[in-house]
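Note that the protein sequences, when read in sequence, are chains E and G. Residues in the first sequence are numbered consecutively from 1, following full-length UniProt numbering. Residues in the second sequence are numbered consecutively from 1, following full-length UniProt numbering.
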Amino acid sequence: MATALERVTNLLTILLETRVPLTLRQISQELVGMYPDNPVALRGAFERDKAMLREIGVPIETEVLGGDQAGETAYRVDRDRYELRGLQLDDDERHALQLAVATIRSDTGQEGVWKLGGSVLPSSTVVANVAQSDALPVLRTASAARTTVAFRYRDLDRRLDPYGLLLREGFWYVIGHDHGHGQVRTYRVDRIAGAVTVLDGQGFERPAGFDVRAAFPADSKLLGEADDRDATAEVAVDPPLAAVVRAELGDDAVLRAEPPDGPAGGTVVFRVPCANRDAFRSWVLGIGVHAEVLGPPEVRAELVAWLRSFDGTGTSGTAAGGAS
Amino acid sequence: MSGRGGAPLKVRVRRLLVILPWLAERGSASLAEMSERFQLSERELVADLEQAAMCGLPPYLDELVDLYIDDDGVAHLGVPRFFVRPLRLTAPEGFSLLTAGRAALAMPGADPSGPLARALAKLEAVLGSDGMVLDLAQPAITGELVAAVDERAEVRVHYWSASRDELTDRCLRPRAVFSDRGRWYLLADDDRSGEERIFRIDRIVSCERTGERFEPRAVTVPTGDDWFDDLPGLSIATLRLPVADRWVVERFPVRSVTDDGDHLVVELPVASASWLRELLLRLGPATTVVSPDDWRGLGARAAAELLAARYAAD
Chain E
1 MATALERVTN
11 LLTILLETRV
21 PLTLRQISQE
31 LVGMYPDNPV
41 ALRGAFERDK
51 AMLREIGVPI
61 ETEVLGGDQA
71 GETAYRVDRD
81 RYELRGLQLD
91 DDERHALQLA
101 VATIRSDTGQ
111 EGVWKLGGSV
121 LPSSTVVANV
131 AQSDALPVLR
141 TASAARTTVA
151 FRYRDLDRRL
161 DPYGLLLREG
171 FWYVIGHDHG
181 HGQVRTYRVD
191 RIAGAVTVLD
201 GQGFERPAGF
211 DVRAAFPADS
221 KLLGEADDRD
231 ATAEVAVDPP
241 LAAVVRAELG
251 DDAVLRAEPP
261 DGPAGGTVVF
271 RVPCANRDAF
281 RSWVLGIGVH
291 AEVLGPPEVR
301 AELVAWLRSF
311 DGTGTSGTAA
321 GGAS
Chain G
1 MSGRGGAPLK
11 VRVRRLLVIL
21 PWLAERGSAS
31 LAEMSERFQL
41 SERELVADLE
51 QAAMCGLPPY
61 LDELVDLYID
71 DDGVAHLGVP
81 RFFVRPLRLT
91 APEGFSLLTA
101 GRAALAMPGA
111 DPSGPLARAL
121 AKLEAVLGSD
131 GMVLDLAQPA
141 ITGELVAAVD
151 ERAEVRVHYW
161 SASRDELTDR
171 CLRPRAVFSD
181 RGRWYLLADD
191 DRSGEERIFR
201 IDRIVSCERT
211 GERFEPRAVT
221 VPTGDDWFDD
231 LPGLSIATLR
241 LPVADRWVVE
251 RFPVRSVTDD
261 GDHLVVELPV
271 ASASWLRELL
281 LRLGPATTVV
291 SPDDWRGLGA
301 RAAAELLAAR
311 YAAD
């Protein structure tokens, strides 16, 4: 009896070799002694091998035959679709990709580098841990192939033309035309429930010049449904945290700075986007006692109401979850 | 499953379909080189190659994989009829290569028209244009720190220490820069503690070189959910929070999460009380601390203190 590795390699060989699709009966006749004789056991063993080959990316095609073999399923692998072609990397390009894979952690990057003829380099001194999930490669491929996808999100079934994917602040988003809403929507990929289904045959066109960055608010404090995207608040930050906030928001956000009265500098007043109040509140509370919302009055009042809601009277009016 | 190689059949088949084209292109290669390159033991490699050599079907019994291993430990492969080219990239492989390439291109100091950019353009030509963007926005000081790592240059920094709630002045030997969950960190030897520490780059207020150089040392850049656990003085807090605040679980490493319908009960590693105070302020009164007892009511105390300090007149 041949080993499993031999059997699978031989199976792949005859599927690549054949010009016409082969039925399981023909396959078992070719692979003499490699599969069980019992038809049920044969079908079971073959299905396992087929599933495994598909999992590693072998494009096995199926066809239901007519004529005197009517109803039987036949199988083959199209060599043009099997082989990696059209990717001629120069040595320096391959090396650059190897370096890149060393900066991102994933199980599949290494396999990809091998297929390109490279080897994996030791971990670099700059490393990005980028969130991975099973849905991401499916969405990327659908986006590249311009194929509509279906998935479940917040207890609703969605149909989306995925225009693009964006990694921002550690989270992946898929952005595209939502069939149900009839407009462009953004979804957090890690909140998709279950698998993403590719609706083969349902294509779409991506609008010319579409840019996921432009379709996505630049600052999480701008995120949300707010009409007033330009809303800003004045926030005073004490030294020495003022320097930290200044590094984060940039000099353009500085409204005024008090003269330094020590090595750490003085209090700085910043103009901070606050269209998304949840995100804004979360941000300003992250600075704790070192920051104070000066205005506008309604934004300050909202923050005070939030803080007062902690007093245990249970009259919290805004206990909804905020953005991170 | 065939047991000889140890690895599952799927792994062995996938590996073989990578090794054969690579070897076919070269004609021969030493077992030592191949085992290092493809990260398997020589024993596993020989087992797989020997089995591949036995593959063959009538009428081309000998032609399929014409392979032998000589006495010097060199494998020779005649030009095969099959497996001349590697299998196409799978969706996850393509995704990994593209994300790695685009992330690297977004790093400080990357050359937007260099070999990496050209490699990516070629990959996109094969894998399709996907509108995928990785935004790995870094604090402005990141580039300087990466350069310090590469040049093994000691730096003096002002660092906002959240646990002490003060600005500290320290000398660092930068070992690695990494990002996790959208934030950038510096791994460095810290003169204050005499230990390797992790610093949030957005809290480094200033940085200048001391002029000192240091010797390289291998470091492990942390990843996943466990790195937070290494911090000294770590405590575990159990919080009960509304399911709408699930972002806490996604944003911070957690020990455990249980879902009781409306609420999540989360065991959260906490490096400092001041960090937990801020988190509770952000979450609001609907979140409660279950344990430890010391931190029950911490959110309400923090809110009262902040009101008294900043908004007493409102």
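By construction, the Cβ of each residue, glycine as well, lies at the ideal position given by its N, Cα and C atoms.
Closest in alpha carbon position to G/ALA309, among E/PHE204, E/HIS290 and E/VAL198, is E/HIS290. Identification of chain G residues near E/LYS50 by a Cβ-Cβ cut-off of 8 Å yields none; the smallest Cβ-Cβ distance measures about 12 Å.
For E/GLN202 and G/LEU136, the gap between their C-alpha atoms comes out near 33 Å.
Interface with chain G (8 Å Cβ-Cβ cutoff): E/THR125 is included.
The DSSP-derived three-state label of G/PRO242 is strand. When beta bridges are read from the DSSP output, E/ASN38 appears opposite no residue. Nearest in C-alpha terms to G/LEU234, of all of G/GLY73, G/TYR159, G/VAL254 and G/TYR68, is G/VAL254. The C-beta of E/GLU234 comes no closer than 8 Å to any C-beta of chain G. Using a Cβ-Cβ cut-off of 8 Å, E/ILE56 counts as an interface residue toward chain G, since at least one Cβ of chain G sits closer than that to its own. Per DSSP, reduced to three states, the secondary structure at G/THR90 is coil, with no helix or strand assignment. Proximity to G/ARG102 across G/ALA117, G/THR90, G/GLU93 and G/ARG88 peaks at G/ALA117, based on C-alpha coordinates. The beta carbons of G/PRO139 and E/ALA4 sit about 52 Å from each other, so the pair does not count as a contact at 8 Å. Here the alpha carbons of E/PRO59 and E/ASP78 stand approximately 7 Å from one another.
Residue pairing by DSSP places G/LEU97 in no beta bridge whatsoever. Cβ contact annotation for E/ILE14 (same chain, cutoff 6 Å, sequence separation greater than five): GLU30, in chain order. G/GLU42 is not a Cβ neighbour of G/LEU49, given a cutoff of 8 Å. Contacts between G/VAL146 and chain E, judged by CB atoms closer than 8 Å, involve THR125 and VAL126 in chain order. Here E/GLN202 carries a strand assignment [DSSP, helix/strand/coil]. At a Cβ-Cβ threshold of 8 Å, G/PRO112 and G/LEU105 count as neighbours. For E/VAL101, the closest C-alpha among the options E/LEU156, E/SER133, E/ALA193 and E/LEU116 is that of E/LEU116.
In the DSSP assignment, G/ALA153 falls within the beta strand (DSSP E) that extends over 153–161. Within the segment 92–108 of chain E, ASP92, GLU93, ARG94, HIS95, ALA96, LEU97, LEU99, ALA100, VAL101, ALA102, THR103, ILE104, ARG105, SER106, ASP107 and THR108 place their CB atoms closer than 9 Å to a CB of chain G, listed in sequence order. Between the C-alpha atoms of E/VAL32 and G/LEU120 there is a straight-line separation of about 45 Å.
When rounded, the separation of the alpha-carbon atoms in G/GLU212 and G/PRO222 is 26 Å. Along the segment 302–314 of chain G, going in chain order, the ones with a CB nearer than 9 Å to a CB of chain E are ALA302, ALA303, ALA304, GLU305, LEU306, LEU307, ALA309, ARG310, TYR311 and ASP314. When beta bridges are read from the DSSP output, G/GLY182 appears opposite no residue. Residues GLU72 and ALA74 of the same chain have their beta carbon placed closer than 6 Å to that of E/LEU65, with the five preceding and five following residues left out of the count. Secondary structure of G/MET107 (DSSP, three-state): coil. Under DSSP, G/GLU196 takes part in a beta bridge, and its partners are G/ASP189. In this structure, DSSP gives G/ASP293 a helical state, which the three-state scheme calls helix. By the neighbour-count criterion, in which 16 or more other beta carbons inside 10 Å mark a residue as buried, E/ASP251 falls on the exposed side. In this structure, E/SER133 sits away from G/ASP130, with a CB-CB distance that is not shorter than 8 Å.
Chain E has a Cβ within less than 8 Å of the Cβ of G/THR90. Going by C-alpha positions, E/PHE280 is about 34 Å away from G/PHE95. Each residue's CA atom was taken as its position, placing G/ASP70 and G/GLU33 some 15 Å apart.
Taking the C-beta atoms as reference points, G/THR220 is found no nearer than 8 Å to G/TRP184.
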